[in-house]
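These notes concern the structure reproduced below.
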Amino acid sequence: MSSSQDILALHQALSLTGTVIGRHKLATINQLSERDAMALPSRYVDSALDDLSEQMTQFEQYDTAQLLTIAEGIECSFKERFVAGQLLGLRGDPRIKTLTPEMLVVPAATVTLGLAPEEVARVVEQYSHYGVLAEWIEKETPTFATEIKSFKLGKYCVTNQEYREFMEDTGYQNFPTTWEYGVYKAELNNHPVNTISAKDADNYCRWLSEKTGRQFRLPREAEWEYAATGGKGLEFPWGNNFVADHANTVESGILRSTPVGIFAKGAGLFAHMDLAGNVEEYVADNYAAYPGARLVVDDLLEKEGGYRIARGGSFTRFRDLARTRRRHGRYSSNLYVMGFRLAESIDE
C-alpha cells in the first residue's frame, strides 16, 4: 500500500471512531508521540518520495527552463514537480535571489478577517477527529473589519540557501535545528528554512533591510490572512474545500519539506505559493485577542507564555492547521517546523 493510501485509511478510521488519533480520545496533540500526532503507525510506512528513479532518469538531461516549467506546472504529477525542484536546487535555482527576492504586490483594501463565533462549533466538529479543541478555534473570533495598506509579500518562503547566506555574512550562530550538527544540506537549498525562532526570522529581515536599503520585515498577522484569503474569506488559499495535492500537509503523504513553489495549484489569489502547508510561517504579531474577544488561555499560552503567531500549517500537520484563519504558535517539538516569508512596506 502506498503512503497516501495508508494515511487515507488511517484518516477514515479516525473519522469512524471519532477519536483523537485513534486510541487517544482525551489526549491533546502535545501529549502524543510525534508519530501518533501525525497518525503514523508504529511500523514503517512508505512516503510518497521513496522511489524517484524514473523521474530522475527522465529529467537529468533537462535544462533549467524545462525544469522550471515542470516544477510549477499544474498538469505535472507531484513526483515530477518534486524531482524538477530538487534538480533546480542542486544546479542553482534561479528563483532564489537572496538580495532581490521575488515580492508580489498585495493591493490596499478594507477587509473582513477572522471567524464568526457561531462558526466555531462547525469547525470543531469538522476537524474533531484530529483532536481540535474549541478554545483553539475561538482564537479566530470574532470577525472584524480592518484597513490594510498596499504592501509586498514574498512569493516564496525564505529558503535554506538564503538563510545560509545570512549566517555566512553575519556570523550568526543560531542554526536551524534541522541542520543536524550545524551542517548545511545542499540538497535542501530551495526548501524553506525551518525550525528557527521568531527572533531568528526578525534578525534575518533586519539584516536583509540593511544589506539592500529596503524595508523588509515579517508580515503583520492581518496582512498574512488577507493575502491567504484574497480578502474573500476563503477557508484555504485556493478555495473553501481542502485538496490534498494543493499543499504539503500530512494528507499528501510526503512527510518532509519540499522545494518552494511546487504546489502551484494551491497558490493564493495574489499568486503567493505555499501559504498552506510545507512550513508554518511566523508573522510579526504575538498572540493577542481580537477586538471584542477574550484572551484564550489554552495549552500553548500556559506552557509557552506569550508567543509569536505562526500561520499556514506544515508537512507535519493536518489540514486544520492549513486553514487561512488558524492562529498557531511554536512548542519546543520537532512537529513545529516554523519558517517565514518576507513582507515589504511600500512608500505611499
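Counted the way my numbering counts, the sequence shown spans residues 155 to 502. Note that CB positions come from ideal geometry on N, CA and C, so glycine has one too.
DSSP bridge partner residues for residue i (one or two, in chain order)
| i | result |
| --- | --- |
| Asn402 | Gly431 |
| Phe305 | Val260 and Ser499 |
| Met321 | In DSSP, Met321 forms no bridge with anything. |
| Asn328 | DSSP, once it has assigned bridges, lists no residue as partnering Asn328. |
| Tyr436 | Ala464 |
| Phe336 | Just to set this straight, residue 336 is Gly in the shown sequence, not Phe. Answer by DSSP bridge pairing: none, since Gly336 is not bridged. |
| His100 | Lying before the first or after the last residue shown, residue 100 is absent from the chain, which here runs from 155 to 502. |
| Pro346 | Thr313 |
| Arg371 | Ala497 |
| Gly393 | Phe390 |
Given residue i as reference, the closest of the options once Cα atoms are compared
| i | options | result |
| --- | --- | --- |
| Tyr444 | Val337, Gly268 and Gln315 | Gly268 |
| Asp501 | Glu435, Lys303, Ala238 and Gly285 | Lys303 |
| Tyr485 | Gly446, Ile408 and Thr349 | Thr349 |
| Pro255 | Lys353, Ile228, Thr366 and Ala219 | Thr366 |
| Ala352 | Trp333, Glu208, Lys457 and Leu372 | Leu372 |
| Ala355 | Thr478, Thr470, Tyr284 and Asp439 | Asp439 |
| Phe232 | Thr470, Phe424, Asp452 and Ala418 | Ala418 |
| Arg462 | His283, Asn395, Arg374 and Val237 | Arg374 |
| Gly246 | Thr218, Arg360, Asp205 and Ala442 | Thr218 |
| Ala479 | Ser487, Thr266 and Val337 | Checking the sequence, you will find Arg at residue 479 rather than Ala. Out of Ser487, Thr266 and Val337, Thr266 has the C-alpha closest to the C-alpha of Arg479. |
| Gly493 | Phe472, Gly308 and Val337 | Gly308 |
| Leu454 | Gly446, Phe424, Gly431 and Tyr490 | Tyr490 |
| Thr264 | Lys386, Ala401, Asp399 and Val237 | Lys386 |
| Glu214 | Asp452, Arg473 and Gly243 | Gly243 |
| Asn395 | Tyr441, Arg477 and Pro195 | Arg477 |
| Ser411 | Ala262, His426 and Glu434 | Glu434 |
| Arg473 | Leu496, Gly420, Gly446 and Gly460 | Gly420 |
| Ser238 | Ser207, Val260, Pro261 and Ala262 | For the record, residue 238 in the displayed sequence is Ala; it is not Ser. Out of Ser207, Val260, Pro261 and Ala262, Ser207 has the C-alpha closest to the C-alpha of Ala238. |
| Glu458 | Ser487, Glu405, Phe469 and Ser468 | Ser487 |
Where the alpha helix (DSSP H) through residue i begins and ends
| i | result |
| --- | --- |
| Val312 | It is not in any alpha helix (DSSP H) - Val312 carries neither H nor E in the DSSP assignment. |
| Arg465 | Counting along the chain, Arg465 falls outside any alpha helix (DSSP H), though it belongs to the beta strand (DSSP E) covering Arg462 to Arg465. |
| Ala355 | Ala352 to Thr366 |
| Tyr380 | Glu375 to Thr383 |
| Ile416 | No alpha helix (DSSP H) holds Ile416; DSSP gives it neither H nor E. |
| Ala225 | Thr218 to Ala225 |
| Ser207 | Ser207 to Phe213 |
| Trp290 | Ala288 to Glu292 |
| Ile457 | According to the sequence as given, residue 457 is Lys; it is not Ile. It spans Asp453 to Glu458 - the alpha helix (DSSP H) in which Lys457 sits, taken as one unbroken run. |
7 angstroms CB neighbourhood of residue i in its chain, flanking five on each side removed
| i | result |
| --- | --- |
| Gly422 | Ala381, Ala382, Gly384, Pro391 and Leu429 |
| Tyr216 | none |
| Gln369 | Ser363, Glu498 and Ser499 |
| Arg177 | Note that Arg177 scores a pLDDT of 29, beneath 50, so its modelled location is shaky; the value from the coordinates is reported in the next line. Nothing meets the Cβ criterion. |
| Glu292 | Val274 and Val450 |
Residues near residue i in its chain [Cβ-Cβ closer than 6 angstroms; skip 5 each side]
| i | result |
| --- | --- |
| Arg235 | Ala225 and Ile416 |
| Glu316 | Thr252 |
| Leu409 | Ser201 |
| Trp378 | Val437 and Arg465 |
| Thr101 | Coverage of the chain is limited to positions 155 through 502, which leaves residue 101 absent and any answer about it impossible. |
| Tyr326 | none |
| Ser157 | For Ser157, the predicted structure reports a pLDDT of 46, less than 50, and the residue's modelled location is therefore unreliable. A value from the coordinates is still provided. Correct list, in chain order: Val199, Asp200, Ser201, Ala202 and Gly407. |
| Ala167 | Only weak support exists for where Ala167 lies, its pLDDT of 38 falling under 50; the value from the coordinates is given anyway. Closer than 6 angstroms at Cβ, skipping near neighbours: no residue. |
| Ser468 | Val433, Glu434 and Val491 |
| Leu342 | Asn314 |
Endpoints, beta strand (DSSP E) assigned at residue i
| i | result |
| --- | --- |
| Phe298 | Phe298 to Ile302 |
| Ser499 | Ala497 to Ser499 |
Residue-chain proximity (residue i, chain C), Cβ-Cβ < 8 angstroms
| i | result |
| --- | --- |
| Leu489 | Here chain C cannot be found, since the structure has a single protein chain. |
>> Going residue by residue through the stretch 234 to 285, where are the continuous beta strand (DSSP E) segments of at least 3 residues, counting only ones entirely within it?
In response: Listed in chain order, the complete beta strand (DSSP E) runs (minimum 3 residues) inside the stretch 234 to 285 are 257 to 260 and 263 to 267.
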